[in-house]
Amino acid sequence: MTLLHAAIISPFLLAILIPFLYKNFRNIHTGWFVLILPVVLFGYFLSFIGETVTSTVKWIPSLGINFTAYVDGLGLLFALLITGIGALVVLYSIYYLSKEKEKLNHFYVYLLMFMGAMLGVVLSDNVIVLYTFWEFTSLSSFLLIGYWYHREKSRYGALKSMLITVFGGLAMLGGFVLLYLMSGTFSIRGMIDAVPQMMDNPLFILALVLVLLGAFTKSAQFPFYIWLPDAMEAPTPVSAYLHSATMVKAGIYLVARFSPVFALTPEWFWLVSLFGIVTLFWGSLNAVKQTDLKAILAFSTVSQLGLIMSLLGVGAAALHYDSLDDNYFTIATVAAIFHLINHATFKGSLFMVAGIVDHETGTRDIRKLGGLMSFMPITFTIAVIGAFSMAGLPPFNGFLSKEMFFTGMIHVTKMDIFNADTWGLLFPVLAWIASVFTFLYSMVLVFKTFTGPVQLEKLERKPHEAPIGMLIPPIILASLVVIFGFFPNLLSYTLIEPAVESILPSLLPEGKQFKVHIYFWHGPTPELFMTIGVILIGTLLYLTLGKWRKVYDLFPKKLALNKLYDASINGMERFSNSFTRFYMTGFIRDYLAYIFVFLIVITLGTMAVKGGFAFTLDGTAEIGIYEVVLALAMVLGTVTILFSKSRLTAIIALGSVGYSLALFFVLFRAPDLALTQLVIETVSVALFLLCFYFLPKFKKREKKLSFRLVNFLISLGVGLTVTLVAISANSSRAGETISSYFIENSYKLAGGKNMVNVILVDFRGFDTLFEIAVLCIAALGIYGMVKLRMAKGEEG
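So for the sequence shown, full-length UniProt numbering puts the first residue at 1; every next one is plus one.
Now the structure itself:
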């Protein structure tokens with residue numbers, strides 16, 4: 001294993017140690033042990049700036065599945081966000097979560113699992129490995145969102161996020177399989193090389209849609225965004241981490257990574273850009289009506305993710321040009337990467353501000369807040385920087401990427417491909433309206449919380465400034481907002497250029513480098529006038545908010561997507577309950593009947609369709625008098641079971657059938673099998689006799705002719721099926737039997753003269769080992785049930 005692979009799995013390894021650290025160092029907050037890892041990893045990944053590194057560890061090479069870690073500009077950018085923001089979140093959590101009141105061992109195990117899973121997603125070149133880590137992010141985020149599992153809303157939000165994102169993940173896996181069938185490789189780089197041969201394949205568009213389902217569900221695009229607001233029930237450090245720099249950005253990463261594969265199709269452009277711009281508009285529109293600080297931030301995250309997604313969709317058009325010369329659409333990709341970084345800085349700081357307000361006042365309801373500026377001046381300053389950047393105001397970094405966003409949307413109207421001249425005007429219009437509402441909810445977030453009259457009587461505790469440890473992380477993020485605003489080209493040459501090169505590789509001939517230069521003043525451009533309009537209209541809407549906010553009440557609540565989700569889940573639960581009650585009768589005989597009927601139908605049906613029936617006497621041995629006598633004895637015992645009127649008689653008759661079978665093994669010179677059969681039969685009969693007293697009495701239906709007739713037909717069908725399968729298998733051998741191989745090699749390769757023992761211990765050693773493991777697990781389960789029997793009358 002290489003150092004790069006060790007870095008990816010190191011969070012999982014540390015997660016294993018967390019319970020021991022938590023147990024043995026109760027006086028030290030567990031977060032201090034965890035903090036070391038993301039700091040070290042951040043420093044380690046910084047060393048990759050300007051480099052592209054590939055490292056492979058074999059996993060299932062026969063299937064082409066290897067753990068190939070690939071660090072390029074795009075993967076490095078996300079790795080730095082995951083570890084950098086992760087370090088700040090861990091530091092914040094140390095002061096936010098009490099070591100006396102919280103189960104910190106659970107929290108940090110989940111957090112480390114999530115961190116490792118995200119690193120695996122963004123640094124995996126093999127799509128199967130990527131998918132494995134992708135579902136780990138869904139699992140670990142489910143645990144993080146449901147961390148306060150005693151709260152119903154936490155459980156609801158966790159389940160909702162998992163159902164939606166896992167659905168998308170399974171769809172994405174289907175897309176990956178289709179891409180493999182078309183390209184012959186699981187490598188993303190290999191798929192990019194195979195794009196010319198894949199584009200004409202009829203499965204290509206289906207693969208595109210399935211991959212986008214995975215991306216849209218994870219990155220909360222419309223209409224799948226409904227899980228993200230409910231995920232706000234998680235502790236604030238979780239919200240700050242998952243929704244500023246990690247989980248929701250996984251979908252953004254997927255779209256960026258697969259743009260070179262799908263971007264040449266008009267379907268990719270329209271789906272990514274339209275879903276993105278609609279999500280931007282819908283998220284910003286809904287953020288304004290929220291009254292909870294984290295709810296505002298949740299919908300703002302939905303909105304900002306839509307902005308980045310739309311930029312990636314528009315930026316995909318750049319790949320339709322042969323070079324970078326006069327290619328206006330590369331600015332959209334640059335803006336997407338730049339805003340990705342900016343969003344992580346200002347949204348992470350704002351989530352932490354919301355957590356500080358909640359922590360120090362006991363509420364996040366803006367209707368109860370107000371006037372906190374005098375009590376919490378540092379927190380107010382951080383909030384102003386973060387919110388103004390989110391609103392796209394100068395001199396903060398959000399202003400720069402928002403201006404580039406406007407530029408990208410305006411260029412869509414000039415596009416001469418994909419029939420964009422018809423609907424292209426929709427992009428700048430929706431972008432401008434959404435920006436107005438973005439400005440509006442940003443102002444609501446700050447001024448409704450920190451200005452106006454103080455309402456101390458509505459607060460659970462008197463507000464005061466947070467401890468310094470809780471302030472350091474948002475101060476760092478707010479400082480980056482200012483620094484990246486004044487010096488954006490610190491990122492241009494180190495992170496943005498390599499990331500854009502990864503997304504638009506075909507535009508870079510060998511020896512040519514992609515250049516990014518970001519600056520404030522572009523002159524009196526349409527983008528500048530759009531920004532001025534956003535500020536003017538946004539300010540007017542904020543000042544008159546109380547007069548027109550009731551417009552939201554006009555929207556029919558029955559049409560809400562959450563209502564549709566709840567109705568779907570409740571409908572599925574009702575259907576599954578009724579269907580389960582239908583077939584779960586409580587009788588083992590009925591369950592066996594289901595199994596046997598399916599066995600008959602599927603096996604005989606398959607043999608009939610495939611022509612699998614065959615019969616020949618070639619190579620069969622002569623039947624002697626002993627075989628005939630034993631066969632008659634087994635038939636007699638079987639018939640006795642069918643017509644016996646007491647269970648004792650049936651048990652004895654069943655034993656006679658088993659002992660007769662053991663004699664068959666003796667005749668066929670298989671003493672070890674005969675001995676095994678005798679032991680099993682003796683134990684089975686003894687157990688039946690021991691349990692005889694406790695067996696339930698015959699039910700009335702067991703005496704009915706129809707009941708016995710159905711059982712007779714099923715048993716006859718099973719016997720016929722097994723017999724036909726055995727005869728057909730013996731009569732249609734395509735080649736030499738494997739028995740000759742074992743006869744020749746048992747002693748030569750394994751040094752054993754007993755061929756059966758050699759097969760079990762050597763040739764099928766793992767199979768036998770796992771069978772023993774299964775038996776041990778079953779034995780432990782039975783032992784546990786016996787030991788944990790409930791006392792008489794105990795419920796549960």
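All C-beta atoms, glycine included, are put in the ideal place defined by N, C-alpha and C.
Cα-Cα separation, residue i to residue j
i      : j      : result
Leu112 : Phe484 : 28 Å
Lys153 : Lys610 : 53 Å
Thr616 : Val725 : 13 Å
Val166 : Thr620 : 54 Å
Val412 : Met584 : 58 Å
Lys515 : Phe338 : 14 Å
Leu280 : Leu545 : 21 Å
Thr479 : Tyr149 : For clarity, residue 479 is Ser in the given sequence; the question names Thr instead. Their backbone Cα atoms lie some 35 Å apart in a straight line.
Ile595 : Ala653 : 24 Å
Ala6   : Met232 : 32 Å
Leu536 : Val121 : 42 Å
Phe447 : Ile532 : 20 Å
Pro474 : Asn570 : 41 Å
Ala608 : Ile714 : 19 Å
Gly64  : Asn562 : 41 Å
Pro526 : Lys402 : 13 Å
Ser435 : Val534 : 6 Å
Gly523 : Lys458 : 49 Å
Glu460 : Leu264 : 56 Å
Leu678 : Phe692 : 21 Å
Gly157 : Gly146 : 7 Å
Arg151 : Asp193 : 49 Å
Own chain residues within Cβ distance below 6 Å of residue i, not counting five before or after
i      : result
Thr68  : Thr56, Asp125 and Asn126
His29  : Ile94 and Lys99
Pro11  : Leu112, Met115 and Gly116
Ser430 : Looking at the sequence provided, one finds Leu at residue 430 rather than Ser. The answer, listed in chain order, is Ile277 and Phe281.
Gly511 : No answer about Gly511 holds up, because its pLDDT of 47 lies below 50 and its placement is not dependable.
Gln304 : His343
Terminal residues of the alpha helix (DSSP H) in which residue i lies
i      : result
Tyr70  : Not the alpha helix (DSSP H): Tyr70 falls in the beta strand (DSSP E), residues Ile65 to Val71.
Val516 : Careful: Val516 lies outside any alpha helix (DSSP H) and carries neither H nor E.
Thr422 : Ala420 to Trp423
Ile18  : Leu3 to Asn24
Gln677 : Pro671 to Cys691
Arg257 : Met247 to Phe262
Lys294 : Leu293 to Gly315
Asp230 : Trp227 to Asp230
Arg764 : Taken as a continuous stretch (DSSP letters only), Arg764 belongs to no alpha helix (DSSP H), as it is neither H nor E.
Ser502 : Glu497 to Ile503
Met415 : Counting along the chain, Met415 falls outside any alpha helix (DSSP H), and DSSP gives it neither H nor E.
Lys462 : Run containing Lys462: none; DSSP gives neither H nor E here.
First through last residue of the beta strand (DSSP E) which encompasses residue i
i      : result
Trp134 : Segment Val127 to Ile145 is the alpha helix (DSSP H) holding Trp134; no beta strand (DSSP E) there.
Tyr550 : Looking at the sequence provided, one finds Lys at residue 550 rather than Tyr. Element bounds for Lys550: n/a, residue is neither H nor E.
Thr54  : Val53 to Ile60
Beta-carbon contacts of residue i that lie in its chain and below 7 Å, excluding the five residues immediately before and after
i      : result
Val255 : Ala215, Val272, Met309 and Leu312
Met162 : Ser138 and Phe142
Lys792 : Its pLDDT being 46, under 50, Lys792 is placed unreliably by the model, and nothing is read from it.
Val786 : none
Val302 : Ala220, Tyr225, Leu228, Thr279 and Gly283
Lys58  : Asn66
Ser502 : Asp72, Gly73 and Leu74
Cβ shell of residue i (< 8 Å), same chain only, five flanking positions each side left out
i           : result
Ile60       : Asn66
residue 824 : The shown model of the chain, from 1 to 796, leaves out residue 824, and the question about it has no answer.
Leu4        : Val53, Ser55, Ala69, Val71 and Leu123
Pro19       : Asn105 and Val109
Asp590      : Tyr583
Query raised in the report: How about the stretch 27 to 47 and the stretch 68 to 84: do they share at least three Cβ pairs that are nearer than 8 Å?
Result: yes
Query raised in the report: Do the stretch 291 to 304 and the stretch 265 to 277 make contact, defined as three or more Cβ pairs closer than 8 Å?
Result: The stretch 291 to 304 makes no contact with the stretch 265 to 277; the number of CB pairs closer than 8 Å stays below 3.
Query raised in the report: Pairing CB atoms from the stretch 310 to 322 with CB atoms from the stretch 370 to 386, are three or more of them under 8 Å?
Result: no
Query raised in the report: Are the stretch 731 to 747 and the stretch 757 to 770 in contact at 8 Å, needing three or more beta carbon pairs?
Result: At 8 Å Cβ cutoff, the stretches touch.
Requested in this report: Could I get the ranges of all uninterrupted beta strand (DSSP E) runs contained in the stretch 576 to 650, with 3 residues as the minimum, in chain order?
Outcome: none
Requested in this report: Report yes or no: do three or more beta-carbon pairs, one from the stretch 342 to 350 and one from the stretch 239 to 255, lie closer than 8 Å?
Outcome: yes
Requested in this report: Determine, using beta-carbon pairs with one atom in the stretch 447 to 467 and one in the stretch 550 to 569, whether at least three such pairs fall under 8 Å.
Outcome: no
Query - Runs of alpha helix (DSSP H) wholly within the UniProt domain "MrpA C-terminal/MbhE" (708 to 787) (minimum 4 residues, chain order) - result: Complete alpha helix (DSSP H) runs here, min 4: 739 to 750, 755 to 758 and 765 to 787.
Query raised in the report: Considering only residues of the stretch 171 to 200, which uninterrupted alpha helix (DSSP H) runs meet the minimum length of 4 residues and lie entirely inside it, listed in chain order?
Result: You should have 188 to 193 and 195 to 198.
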